[in-house]
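Enquirer: Numbering (the UniProt record's numbering), first residue to last: 1 to 226.
(1) If you measure between the beta carbons of residue 29 and residue 64, is that distance less than 7 Å?
(2) Measuring straight from C-alpha to C-alpha, what distance separates residue 7 and residue 89?
(3) Using only alpha-carbon positions, find the residue among 210, 211, 201 and 97 that is nearest to residue 42.
(4) Sort 48, 22, 203 and 110 by Cα distance to residue 11 and report the nearest one.
(5) Return the residue from the list 210, 92 and 206 that minimises the CA-CA distance to residue 47.
(6) If you draw a straight line from the C-alpha of residue 211 to the C-alpha of residue 204, how long is it?
(7) Please report how far the alpha carbon of residue 200 lies from the alpha carbon of residue 219, in whole angstroms.
(8) Just grab the DSSP bridge partners of residue 41 for me.
(9) Going by DSSP, what residues sit across from residue 67 in a beta bridge?
(10) What's the C-alpha gap between residue 55 and residue 102?
(11) Look up residue 17 in the DSSP assignment and say whether it is helix, strand or coil.
(12) Is the beta carbon of residue 26 sitting closer than 7 Å to the one on residue 58?
(13) Exposed or buried, which one is residue 13 when buried takes at least 16 other CB atoms within 10 Å?
(14) Just to confirm, are residue 107 and residue 9 a CB contact at a threshold of 7 Å?
(15) Among 60, 112 and 50, which has the Cα closest to the Cα of residue 94?
(16) By Cβ distance, which residues of its chain are closer than 6 Å to residue 40, with the 5 residues on each side in sequence left out?
(17) Starting from the Cα of residue 62, find the closest Cα among 104, 216 and 208 and give me that residue.
(18) Please classify residue 53 as buried or exposed, where buried requires at least 16 neighbouring CB atoms within 10 angstroms.
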């Protein structure tokens with residue numbers, strides 16, 4: 001049975017370049033183990049207590065059980081971080097269990113190194129900023145980097161202003177602009193063409209009206225004048 005592992009062991013080791021590279025290689029090996037359905041266990045070469053602790057920590061992420069190798073046989077309820085064997089080089093067996101599965105996130109995603117953050121940001125063309133500790137942090141839209149999360153609010157869509165505030169249908173607006181025939185002034189109507197007799201009659205009427213008006217103004221003397 002594997003005992004609990006120090007929760008700070010992996011984060012601390014992932015900050016060291018050599019340990020980080022070693023853990024990433026180990027993770028790839030365990031991915032192959034879990035993916036191989038015909039393989040039930042794997043034997044690890046002899047190592048010191050610190051390295052065994054790292055193997056146990058990574059194996060727990062995959063749901064694997066670790067057991068010490070003693071004299072070429074499995075040690076019952078072995079512990080890869082046994083204090084009594086710290087100075088001894090002892091190998092480990094990794095056994096599959098019912099809980100064996102692929103982890104939701106790989107180690108590199110859970111404990112990103114500053115160089116990993118910078119490399120991923122350059123690949124995506126993202127800008128880099130720095131947190132309070134001076135570590136580079138990729139600016140993204142809510143992506144968790146393990147160091148800090150910077151959420152960039154999306155720009156709101158620009159709505160074009162309405163060209164008219166009127167809610168009246170176009171057909172009704174056009175109808176209101178038209179004028180009824182009865183509303184057209186008489187002067188705007190086309191003049192009628194008169195016949196010769198109508199023109200002579202109208203001329204005589206005008207002369208009679210003129211003579212009557214002159215008679216009212218100047219009297220009979222004015223009316224008699226040619």
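All residues carry an ideal CB built from backbone N, CA and C; glycine is no exception.
Expert: So, to answer that:
(1) Counting from 1 along the chain shown, the entry for residue 29 is found at position 29. Counting from 1 along the chain shown, the entry for residue 64 is found at position 64. It is not a contact, given that the beta carbons lie outside the stated cut-off.
(2) Within the chain shown, residue 7 is the residue found at index 7, counting from 1. Within the chain shown, residue 89 is the residue found at index 89, counting from 1. Each residue's Cα considered, the two are about 23 Å apart.
(3) In the chain shown, the residue the question calls residue 42 occupies position 42. Among 210, 211, 201 and 97, the Cα nearest to that of residue 42 is on 97.
(4) Looking up residue 11 in the chain shown gives position 11. For the residues 48, 22, 203 and 110, the minimum Cα distance to residue 11 belongs to 110.
(5) Here the question's residue 47 lines up with position 47 in the chain shown. Ranking 210, 92 and 206 by Cα distance to residue 47 puts 92 first.
(6) Residue numbering aside, residue 211 sits at position 211 when the chain shown is read from its first letter. Residue numbering aside, residue 204 sits at position 204 when the chain shown is read from its first letter. Each residue's Cα considered, the two are about 10 Å apart.
(7) Position 200 of the chain shown, counted from the first residue, corresponds to residue 200. Position 219 of the chain shown, counted from the first residue, corresponds to residue 219. Rounded to whole angstroms, residue 200 to residue 219 spans 27 Å at the Cα level.
(8) One-based indexing of the chain shown puts residue 41 at position 41. Looking at the DSSP assignment, residue 41 forms a beta bridge with 95.
(9) Here the question's residue 67 lines up with position 67 in the chain shown. Beta-bridge pairing links residue 67 to 93.
(10) By 1-based counting over the chain shown, the position of residue 55 is 55. By 1-based counting over the chain shown, the position of residue 102 is 102. Their backbone Cα atoms lie some 16 Å apart in a straight line.
(11) Along the chain shown, read from residue 1 onward, the residue named residue 17 stands at position 17. In the structure shown, residue 17 falls within a helical segment according to DSSP collapsed to helix, strand and coil.
(12) The residue given as residue 26 occupies position 26 in the chain shown. The residue given as residue 58 occupies position 58 in the chain shown. Closer than 7 Å, so yes.
(13) Translated into positions along the chain shown, residue 13 becomes position 13. It counts as buried.
(14) On the chain shown, residue 107 is found 107 positions in, with the first residue counted as 1. On the chain shown, residue 9 is found 9 positions in, with the first residue counted as 1. Not a contact, by the Cβ cut-off of 7 Å.
(15) Position 94 of the chain shown, counted from the first residue, corresponds to residue 94. Relative to the Cα of residue 94, the nearest Cα in the group 60, 112 and 50 belongs to 60.
(16) As a first step, residue 40 must be located in the chain shown, where it is residue number 40. So the list reads 96, once near-sequence residues are dropped.
(17) Along the chain shown, read from residue 1 onward, the residue named residue 62 stands at position 62. Among 104, 216 and 208, the Cα nearest to that of residue 62 belongs to 104.
(18) On the chain shown, residue 53 is found 53 positions in, with the first residue counted as 1. When all chains shown are included, residue 53 counts as buried.
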